[in-house]
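S.K.: What follows is a single structure, and I will ask about it in a moment.
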Amino acid sequence: MSRYVRKSLSDGEEIVVKARKSWWYITWPSLCLACAVFAIIFATPQIAKLADTVTSGVPFIDKMLPAIFKYVLPALLGVVLGLATFIPFYRHLITFLTLQLVLTNKRLISKVGLFRIRALDIPVDKIDHIEVRSSLIGNLLHNFDVEIASVSGTDGVVQRGKKTVRTFCGIANARKLRDAVQEIVEKHADEHRKLQAKEIANAMRSY
5 MSRYVRKSLS
15 DGEEIVVKAR
25 KSWWYITWPS
35 LCLACAVFAI
45 IFATPQIAKL
55 ADTVTSGVPF
65 IDKMLPAIFK
75 YVLPALLGVV
85 LGLATFIPFY
95 RHLITFLTLQ
105 LVLTNKRLIS
115 KVGLFRIRAL
125 DIPVDKIDHI
135 EVRSSLIGNL
145 LHNFDVEIAS
155 VSGTDGVVQR
165 GKKTVRTFCG
175 IANARKLRDA
185 VQEIVEKHAD
195 EHRKLQAKEI
205 ANAMRSY
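Residue numbering for the sequence shown follows the numbering used here, beginning at 5 and increasing consecutively.
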């Protein structure tokens, strides 16, 4: 259990489910980054070889072509492929390393981020619904997205009317988390209904 979650627990509060992170969530951006590096290493000498074969017929441009093919184009390729693959890899890595998502018998607790930390604390009676989504490949590899909507306001999340929506990506045991949330919410609702019925009965007897 993380220090953040451990410090957040109150008296009588117990962990019900702790979300597990899917390895595929970090594997596929790692593979994309590795392919980009391989492509840059393989393509750079091939592009440089074109400098001796490509001509424009214009002396001034012909003098620039070797430098363009040897330095400019490889650098441009490296920047484009590097940014296109490294940024997603970095985002997925930070989420994979820092995401904490825990359901207790009283609330849902989460924390994610390294420099920009986002924390979430939702009492179970404020949870409106929980939804699990995944692609065909994600379903096979246990890489799910979990969307949680609540009626309590939380900074930094999407607002849909009066509901606050937060999506957690790369959860391996998302279905177990969803079932546990639904069970806890229903149990809390039953206890609330029983308490209301008891209060009504006591009020009627007092008349």
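From the three backbone atoms N, C-alpha and C, an ideal C-beta is built for every residue, glycine too.
None of the values given here were measured: they were computed from a predicted structure.
What do you get for Phe46, buried or exposed, if any count of 16 or more other CB atoms within 10 angstroms of its CB means buried?
M.R.: exposed
S.K.: Please state whether DSSP places Val155 in a helix, a strand or coil.
M.R.: coil
S.K.: Under DSSP, the beta strand (DSSP E) around Leu105 begins and ends at which residues?
M.R.: Taken as a continuous stretch (DSSP letters only), the beta strand (DSSP E) holding Leu105 covers Gln104 to Thr108.
S.K.: For Val128 versus Arg122, is the C-beta spacing smaller than 8 Å?
M.R.: no
S.K.: Pick out the complete beta strand (DSSP E) segments inside the stretch 11-92, 3 residues or longer, and give them in chain order.
M.R.: 19-22
S.K.: Within the same chain, show all residues whose beta-carbon is closer than 6 Å to that of Asn206, passing over the 5 residues directly before and after it, in chain order.
M.R.: none
S.K.: Please name the residue, chosen from Ile72, Arg95 and Lys167, that lies closest to Thr57 on a Cα-to-Cα basis.
M.R.: Ile72
S.K.: Between Ile188 and Leu181, how many whole angstroms is the CB-CB distance? I'm expecting something under 8 Å.
M.R.: Their Cβ separation, rounded to whole angstroms, is 11 Å, which puts Ile188 and Leu181 out of contact at 8 Å.
S.K.: Cβ of Arg10 less than 8 Å from any chain C Cβ?
M.R.: Among the chains of the structure shown, chain C does not appear; only one protein chain is present.
S.K.: How should Ala193 be labelled, buried or exposed, when 16 other C-beta atoms within 10 angstroms of its C-beta is the threshold for buried?
M.R.: exposed
S.K.: Pairs of beta-carbons, one from the stretch 9-26 and one from the stretch 69-87, closer than 8 Å: are there three or more?
M.R.: no
S.K.: Do three or more CB pairs link the stretch 131-149 to the stretch 85-101 at distances below 8 Å?
M.R.: no
S.K.: Quick check: the Cα distance between Thr31 and Leu103, rounded to an integer number of angstroms?
M.R.: 16 Å
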